[in-house]
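This report concerns only the one structure given below.
Residue numbers (the working numbering), protein chains in the order written: chain U, 355 to 508; chain X, 650 to 1520.
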């Protein structure tokens, strides 16, 4: 799908076409969140570990990934790093139960879109998804115009 | 980096006409606009969020409500991420222009992190230590309670305590095993423990997960190794397993009895008992207590003492001083049959023996209680509660010789320790005294200088009697607490009434106005905590529950030992409430010191040469800097790029002023290349609201000026070149709107007054805000100041928060529904026009009052007006 041909998401149809992946080892939290997002007709998939998330990303393109910071095996920061290295266009939102300034700054430095604390207000999370998705769409659009260099030089 | 001058030059828009662009370039530019606007919008939302968190931090520091380290960390973390995002968005708008900013941010963030970061989980030292080997200086390994006890017994010539301590290192080992502490921290963050229902659920969950957790093998082995010789010595060994937590006295507090003790535990069940005592760190009362006293969760390491049980004939608590009268030569000995538990828990009316030190320790007075029950050891494990024989109930539990022995011990301990102490003791069948606990005693003297508040003679007495367990007077509705479930419903400010003075009611004391109980005494845990929290308490009041039940609002006079109907103000007035109850505590100080790097705004003047990234001292400075620069960047991009659709257009209007509109994204209904914009094309919600206010009433022209006012203007004009008409400044005569559907920024220079409005109005209520800045004027500074004060008062009356510094006013309103935001913007639009040149008339209070009435009247008409949100 060429995002350039799609209309930009506006506030009324903000997440149409957006594919979201939520990664969290806490099964109860994950289930509840997935249900609540699906009830709002958001196209969302779940992964319970970093490994599972990477497998899903291999076969299924995603637009926004929401990650827990602390997970066994590979933690969220390392997963963020892997995702950003491999799929730089994907926007990643950190969502964590472990408030840590160091992790927040590290995550943001690695290109996370934002760093949210649990418990998160569902509306706030959806706004973040919308904002991140719009950013991704704009970037895609911009890239398809990179063949006209100098357009912005002034 | 472009200088301010460059930016200004770009603002002024002196670009030469360019040939038309090819369509591909136009499309690229359109995308660039959209992308920039998206970053700008995200920056504004993040800016709003950052200000909101800062306000929240300021509020908790000022309010009386308690907060914990999880609050401190989560707010600081969220704020850092948000400010990071702001810096990054500005960099998207002006790549490479402010390279010093990320570095400044990281420096400030590192300072904050240093103040709020948790300590490492691991800890040096042996996991288990025999009490006989404990040295007094090892208090930070075994807890003050155990360190003290071991030391004291040897020096008082008492039988040395057997047993051992599972140390702070042992605790750290246990909590690090299987990530237990990490899991607990996660759940602490997710709950709001200020809400009683969440606190109870969380407390139960956390304790369960500790009790279910596995004790690591090395810790098990260490415990077994030290237990074996004890068991070999005594075949029927049973242990008292007691908390000896670190960090209890962090804020000058002695946290009596909120942790669990397990008595008469068999060696087989020791690990289970250990975990239960550790789990009591997360008991409801303990968690509330830490929250209220600002003790950091991670500072409390649960060291656990395990000592052979004493078979007690009698037991109780000694206060080496009367905490309410510390200067008197009084030793208070509370005693009951069996183990001290019935005294400590406040569940029995104990005997009180008053002894003296001088000239030699001796019994002075006694008050024999009706001791209905006693606790004794069960042959296998645990305690049993027995009814005392009727003959024993009123019989003194100590003879004068034993009272003398205890008084002598108390005097010696106090002299040794250098201060008053609270001792828990037991008397065994051989007549030997065992010291079970020794803690500093908090003194709460009845203040001599406090006015001896006496109630008016006609005050309706409902109840008299009992003893003063904590001084003072308090009033509120009676709330009788019988079960744990009652505690959930306990309303803030109520008077706690209960039959038993149980330690678990301590969790309500940060909300209670006063306490009245039928049982219990000054020596119980509840009384201790009541004194610490400054909650007046009357204990041992017979029949209190029946008499007070349903009594409505009462005043408890703990000093006068009476309860009155209604509020007796003369009694209540005597005692002012303290400052922030957490002030000085580790949690409070961590946030207060972090706030120094967060909240103050030191970058005030965007026109000053000091308005640079290097000068940002706080996160507030960084947000302010980025916001200011982002607005400039958006503006200059729009002015600079010769892009017909988006470049600024003059608004077609019959108002005799120049208004220019720059569309950032979707503020105009259709794309147009015309040089003029028409009002009906504008779909920006905030701009339309502002415009309604601007045009609602015709401006009546400048107010009549007295001669001094005119002189003031002329004097200003000679010193301020911006006021001289011959100085060419296109910016000075134009009013610029930058708009999108939900956003509007207005920079306006009307006459001599500079003002700006910025607003976001949409469905995301939390992101809605409007700010108003206003500065300048033609009159002298005194009048200008008077005018901003005048405008500030009007805005405050309409829900804005206002700050004034010299002649500059900043006002803000936020987090409102779209309708309320539109109303606020209409008022702003109106004030921009109608307060022009009011500085001229500010000298006369009559004219000020007259103008104020007129303005209020027209604002009143405006507030009700308004058109629906455009579709």
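All residues carry an ideal CB built from backbone N, CA and C; glycine is no exception.
| query | result |
| --- | --- |
| Considering only DSSP beta bridges, list what residue 1386 of chain X is partnered with. | X/1310 and X/1395 |
| Between the segment 745-765 of chain X and chain U, which residues of the former have CB atoms less than 8 Å from a CB of the latter, in chain order? | 755, 758, 761, 762 and 765 |
| Taking Cβ-Cβ distances below 7 Å as the criterion, which residues of the segment 684-699 of chain X are in contact with chain U? | 684, 687 and 691 |
| Decide yes or no for the touch test of the segment 677-686 of chain X against the segment 1264-1280 of chain X: beta carbon pairs closer than 8 Å, at least 3 of them. | no |
| Starting from residue 733 of chain X, find everything on chain U with Cβ-Cβ shorter than 7 Å and list it in chain order. | 459 and 462 |
| So, for residue 1073 of chain X: in the same chain, excluding its five sequence neighbours on each side, which residues have a beta-carbon less than 6 Å away from its beta-carbon? | 966, 989, 1085 and 1086 |
| With 7 Å as the limit, tell me which residues of the segment 432-461 of chain U have their beta carbon closer than that to any beta carbon of chain X; keep them in chain order. | 451, 452, 453, 454, 455, 456, 458 and 459 |
| Applying the 10 Å Cβ sphere with the 16-neighbour rule, what's the burial state of residue 707 of chain X? | exposed |
| Please name the residue in X/1260, X/948, X/799 and X/789 whose C-alpha comes closest to that of residue 768 of chain X. | X/948 |
| With a threshold of 16 other CB atoms inside 10 Å of the CB of residue 1237 of chain X, please say whether the residue is buried or exposed. | buried |
| Anything in chain U within Cβ reach of residue 834 of chain X, meaning under 9 Å, just list it in chain order. | 451, 452 and 453 |
| Could you please give the first and the last residue of the uninterrupted beta strand (DSSP E) stretch that includes residue 1420 of chain X? | 1418-1425 |
| Return the residue from the list X/933, X/1471 and X/880 that minimises the CA-CA distance to residue 848 of chain X. | X/933 |
| To the nearest angstrom, how far is the alpha carbon of residue 489 of chain U from that of residue 687 of chain X? | 7 Å |
| Who are the Cβ neighbours of residue 852 of chain X in its own chain at under 7 Å, not counting the five residues just before and after it? | 931, 932, 933 and 936 |
| Pick from X/1264, X/1144, X/1124 and X/1152: whose alpha carbon is nearest that of residue 1133 of chain X? | X/1152 |
| Taking 7 Å as the limit between beta carbons, can you name the residues of its chain near residue 1137 of chain X, skipping five residues before and five after? | 845, 846 and 849 |
| Residue 1267 of chain X by DSSP, collapsed to three states: which one? | coil |
| How would you label residue 804 of chain X, buried or exposed, when you count the other beta carbons within 10 angstroms and need 16 or more for buried? | exposed |
| Could you tell me which chain X residues have their CB closer than 9 Å to the CB of residue 427 of chain U, listed as they occur along the chain? | Chain X residues near residue 427 of chain U: none, gap ~13 Å exceeds 9 Å. |
| Please state whether the Cβ-Cβ distance between residue 1158 of chain X and residue 1130 of chain X is less than 8 Å. | no |
| Using three-state DSSP, classify residue 1124 of chain X as helix, strand or coil. | strand |
| Take the Cβ of residue 452 of chain U as the centre, count every other Cβ of all protein chains shown within 10 Å, and call the residue buried at 16 or more, exposed below. | buried |
| What residue range is occupied by the uninterrupted beta strand (DSSP E) comprising residue 1037 of chain X? | Here residue 1037 of chain X belongs to no beta strand (DSSP E), and DSSP marks it neither H nor E. |
| Can you round the beta-carbon distance between residue 1259 of chain X and residue 1298 of chain X to whole angstroms, since I take them to be within the 8 Å contact cut? | Actually they are not in contact, since the Cβ atoms of residue 1259 of chain X and residue 1298 of chain X sit about 36 Å apart, beyond 8 Å. |
| Could you give the DSSP three-state label for residue 824 of chain X: helix, strand or coil? | helix |
| So what's residue 1374 of chain X in DSSP terms, helix, strand or just coil? | Confidence in residue 1374 of chain X is poor, its pLDDT being 38 and thus under 50, which makes the residue's placement unreliable; the coordinate value appears in the next sentence. Three-state result, residue 1374 of chain X: coil. |
| Starting from residue 1493 of chain X, trace the alpha helix (DSSP H) both ways and give me its first and last residue. | It is not in any alpha helix (DSSP H) - residue 1493 of chain X carries neither H nor E in the DSSP assignment. |
| Would you say residue 368 of chain U lies against chain X (beta-carbon separation less than 8 Å)? | no |
| Have a look at X/1204, X/700, X/1004 and X/1326 and flag the residue whose alpha-carbon is nearest the alpha-carbon of residue 1126 of chain X. | X/1204 |
| Do residue 1001 of chain X and residue 983 of chain X have their C-beta atoms closer together than 8 Å? | yes |
| Using 8 Å for Cβ pairs, my map puts residue 1043 of chain X next to residue 1011 of chain X. What's the rounded Cβ distance? | With a Cβ gap of about 23 Å, residue 1043 of chain X and residue 1011 of chain X do not count as contacting. |
| Within 10 angstroms of its Cβ, does residue 1435 of chain X collect 16 or more other Cβ (buried), or is it exposed? | buried |
| At the level of alpha carbons, what is the spacing between residue 1045 of chain X and residue 383 of chain U? | 59 Å |
| Would you grab the beta carbon distance between residue 450 of chain U and residue 422 of chain U for me? Rounded to a whole angstrom, and I think it's under 8 Å. | 6 Å |
| Is it the case that the segment 682-701 of chain X contacts the segment 425-445 of chain U, given that we only count it when at least three CB pairs across the two stretches are under 8 Å? | no |
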